[in-house]
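Counted the way the numbering used here counts, the sequence shown spans residues 1 to 342. Even glycine gets a Cβ: it sits at the ideal position worked out from N, Cα and C. Step one of this worksheet: look at the structure below.
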Amino acid sequence: MILVLEPSTTETQKKDICLRLQKQGFYTRLVDQTGRVFISVDGIALDKLAKEVADWNGVSEIIEGEYPYYLASREFSRKNSTIKIGKVDDVTVEFGGEKIVSIAGPCAIETEDMAVKLALKVKEAGTQIFRAMLFKPRSSPYSFQGLGKLGISILKTLKKESGLLLLSEVREPMEIEQLYDHVDMFQVGTRNMSNFQLLKYLGKARKPVLLKRGMGASFDELLCAAEYIMVHGNSDVILCERGIRTFDKYTRFSLDIAAVPALKELSHLPVIVDPSHATGRSSLIAPMIYAAISAGADGVMTEIHENPETAFSDGPQAITPEKFKSIMKVASKLAETINRKF
Ligand code: PEP
Ligand code: MN
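And the structure:
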């Protein structure tokens, strides 16, 4: 059960309400970092309690039922959230608005020269956010793990030369600190969706987070992961459908396109799609981008490489900047048909 408190409730009143509940044997958690103050209450005979607390000073609303997540839920906000990331050439970039955001770039930064050239090309094609990946969570310990912190100076050059916003993946709290001053948003990859310690740190970090769905995670599990970030103080979470593990081996994963409208029914958070990791095949990227836009995605993240055959990682799913540019042209026409821009 959730008790929503009056915004004017004083600190003493909040503590008193929690104490009263705890004395009756209930477990409470006070949340007041997101503009709305509420207490989540756990215990037995909550229905009886609901009648009693209705008269308590400071309680404005009682939301009955079990809530594994609340801040991330539709119950919390009927209105879709818009999440601002920054500006590119004086134009504000936000997820969840009329404009569909493009994130593009290599699987991993390989050299400064490669990253800067690619950033300029994807920007010209209409991208606002560059995949500036230095820390790579790879399935095999022998695969390229990214340039790591040695690549941080590249991020500074990238920003200066391209003016794009930068997204970079973090696998542990130390990497948040290392990247904090150099990127505009963090990514949590599929393998770390349930790394709750990392999620808690990202809650405190107060920089937008792109949270990718675990390859075997349900919608509820994804939204619980988002809740971890939000309950620790950061409401700027963008969800990403990146394919789930099914039985077919032709594609790397199965892109669950229904996840886009389904997550929007369950949550007010923006939802984007990653067709690259979902399919693992460059030939399938274009139709999956079009499908994502048609399904109502707020953004698309695409892996691009100048020469996919020589890529240090994920070459088979990378498309060239030229191919990307032509896909973007079709995609923006498609977006117009559903009253959006791309
Ligand atoms: C990535 O986007 O760089 C990545 C590794 O994706 P995922 O976590 O979805 O595999
Ligand atoms: Mn990749």
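Backbone secondary structure at residue i - three-state DSSP
i, result
"Gly243", "coil"
"Gly86", "strand"
"Ser267", "strand"
"Glu75", "coil"
"Phe95", "strand"
"Thr52", "According to the sequence shown, residue 52 is Glu rather than Thr. In the structure shown, Glu52 sits in a helix (DSSP, three-state: H, G or I)."
"Leu150", "helix"
"Glu66", "coil"
"Leu165", "strand"
"Tyr142", "coil"
"Thr9", "coil"
"Met215", "coil"
"Val122", "helix"
"Gly203", "helix"
"Cys107", "coil"
"Asn195", "coil"
"Arg368", "Limits of the chain in this structure are 1 at one end and 342 at the other, which puts residue 368 out of reach."
"Ala311", "coil"
"Val343", "What is shown of the chain runs 1 to 342, which leaves residue 343 out entirely."
"Val260", "helix"
"Gln128", "coil"
"Tyr180", "coil"
"Lys249", "coil"
"Ser332", "helix"
"Val231", "helix"
"Glu221", "helix"
"Ser81", "coil"
"Glu172", "coil"
CB contact flag (residue i, residue j, <8 angstroms)
i, j, result
"Leu269", "Ser81", "yes"
"Ala278", "Gly243", "yes"
"Val170", "Leu179", "yes"
"Pro208", "Ile238", "yes"
"Leu255", "Ile293", "no"
"Ala318", "Ile289", "no"
"Met301", "Cys224", "no"
"Ala132", "Leu158", "yes"
"Leu210", "Leu266", "no"
"Ile304", "Leu118", "yes"
"Phe95", "Ile272", "yes"
"Asn57", "Gln13", "yes"
"Lys341", "Lys99", "yes"
"Ala11", "Ser60", "What sits at residue 11 in the sequence shown is Glu, not Ala. In this structure, Ser60 does not lie closer than 8 angstroms to Glu11 by Cβ."
"Phe130", "Phe312", "no"
"Leu134", "Gly146", "yes"
"Val122", "Pro308", "no"
"Ile103", "Gly299", "yes"
"Pro137", "Arg191", "yes"
"Ile17", "Ile2", "no"
"Leu202", "Phe186", "yes"
"Gly97", "Met328", "no"
"Phe76", "Leu49", "no"
"Thr9", "Val53", "no"
"Val116", "Ser162", "yes"
"Thr251", "Leu284", "yes"
"Glu336", "Met114", "no"
Residues bridged to residue i (per DSSP)
i, result
"Val362", "Residue 362 cannot be examined here, being either before or after the span of the chain that is shown, 1 to 342."
"Glu61", "Val4"
"Met133", "None; Met133 has no bridge partner."
"Val41", "Thr28"
"Leu210", "Gln187, Ile238"
"Lys341", "Lys99"
"Ser254", "Ile244"
"Val319", "Sequence check: residue 319 is Ile here, not Val. Beta-bridge pairing links Ile319 to Ile304."
Residue-chain proximity (residue i, chain B), Cβ-Cβ < 8 angstroms
i, result
"Leu49", "Absent here is chain B; the protein component of the structure consists of one chain."
Quiz prompt | Lining residues of the ligand MN - beta-carbon closer than 5 angstroms to any non-hydrogen atom, in sequence order | solution = Cys107, Asp314
Quiz prompt | Contact between the stretch 63-74 and the stretch 229-241 (3+ Cβ pairs under 8 angstroms) | solution = yes
Quiz item: Whose beta carbon lies closer than 5 angstroms to any heavy atom of the ligand PEP, going through the chain in order?
Solution: Gly189, Thr190, Lys212, Arg242, His277
Quiz item: Looking at C-beta atoms only, is the number of pairs between the stretch 84-94 and the stretch 272-287 that lie closer than 8 angstroms three or more?
Solution: no
Quiz item: How about the stretch 201-221 and the stretch 59-66: do they share at least three Cβ pairs that are nearer than 8 angstroms?
Solution: no
Quiz item: Is there contact here, the stretch 183-201 with the stretch 40-47, by at least three beta-carbon pairs under 8 angstroms?
Solution: no
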